[in-house]
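K.L.:
The following block contains the structure:
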């Protein structure tokens, strides 16, 4: 008689990372919209309002950490460093990203993607906020990125994304414990260029990307710091800088190395699909575990 062991299908644990600065009024609303997940991390950017107190009151299990420098990129890097889940979800604190869409991101990852990229320009996506001018600029930046990196992005500048936590080494973000520069300038990747940096490095690492239609909502309270022209040039500079970085990494990786000669640089080995656990599809919040120890 043949005997076997039945294993309960695994469920990926989600870590939601929320960078926030003076977003108390918005957190009052969006934290109540979150599903029960393994981990919710709020990264506070030296808020002067009740951001932290509000977060802890609305969601007692939330993990609150202080970012070590300044800028959205540093805030996300600090949050990523604290992740303990299998999947990382990037969620803005202003209410523009709808948590109800998280299952679609998870489904894309469970289906085999390394990176689930939100897009407002695919069928089923849209925006209640983007202007025609910004939309044209975004399309232009998509075109440049796709030509240089060989990608098929339709919404480079949208920051609602998710990815497997095992992808984090490929992002190679600035060390969170390194202090500010002596001249006061931010480290590369610490600012609002972070989303473009992540998108470019995912592509440079030859990871699989799946786009997920997303409807961007209006910011609930407060005003955005977005400046279409200034930020557009910042993204353009980021694309070119990351393209050149990718070329340098590719060159170093292609150089034959003699036995016993150490390789300089921070090259990360490719991710094997064999290391990806098998999960049930579709994924549902009811299957998620809630960590109440925080």
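In our numbering, the protein residues as written are 6 to 299. Where is the CB? At the ideal position from N, CA and C, for every residue including glycine.
So the beta strand (DSSP E) residue 112 belongs to, where does it begin and stop?
P.N.:
Counting along the chain, residue 112 falls outside any beta strand (DSSP E), though it belongs to the alpha helix (DSSP H) covering 107-115.
K.L.:
Give me the residue from 217, 200, 235 with the minimum Cα distance to residue 116.
P.N.:
217
K.L.:
Report all residues from its chain with a CB closer than 7 Å to the CB of residue 129; omit the five preceding and five following residues, and keep chain order.
P.N.:
218
K.L.:
Quick one: grab the DSSP three-state call for residue 71.
P.N.:
Per DSSP, reduced to three states, the secondary structure at residue 71 is strand.
K.L.:
Using 10 angstroms around the beta-carbon of residue 184, count the other beta-carbons present and answer buried if the total reaches 16, otherwise exposed.
P.N.:
exposed
K.L.:
Give the C-beta separation of residue 48 and residue 29 to the nearest angstrom, bearing in mind that I take them to be a contact with Cβ-Cβ under 8 Å.
P.N.:
Not really, about 15 Å apart at Cβ, beyond 8 Å.
K.L.:
On the three-state DSSP scale, how would you describe residue 49?
P.N.:
strand
K.L.:
CA-CA distance, residue 315 and residue 78?
P.N.:
The structure shown does not extend to residue 315, since the chain spans only 6 to 299, so no value can be given for it.
K.L.:
Do residue 243 and residue 202 count as a contact pair if the criterion is CB distance below 8 Å?
P.N.:
yes
K.L.:
Would you kindly report the start and end of the unbroken beta strand (DSSP E) that includes residue 173?
P.N.:
Here residue 173 belongs to no beta strand (DSSP E); instead the alpha helix (DSSP H) covers 173-176.
K.L.:
At which residues does the alpha helix (DSSP H) containing residue 61 begin and terminate?
P.N.:
56-63
K.L.:
Going by C-alpha to C-alpha distance, which of 139, 45, 189, 209 sits closest to residue 89?
P.N.:
45
K.L.:
Roughly how many angstroms lie between the CA atoms of residue 134 and residue 99, to the nearest whole one?
P.N.:
Cα to Cα, the separation comes out at about 12 Å.
K.L.:
Taking the straight line between their C-alpha atoms, what separation do you get for residue 191 and residue 109?
P.N.:
34 Å
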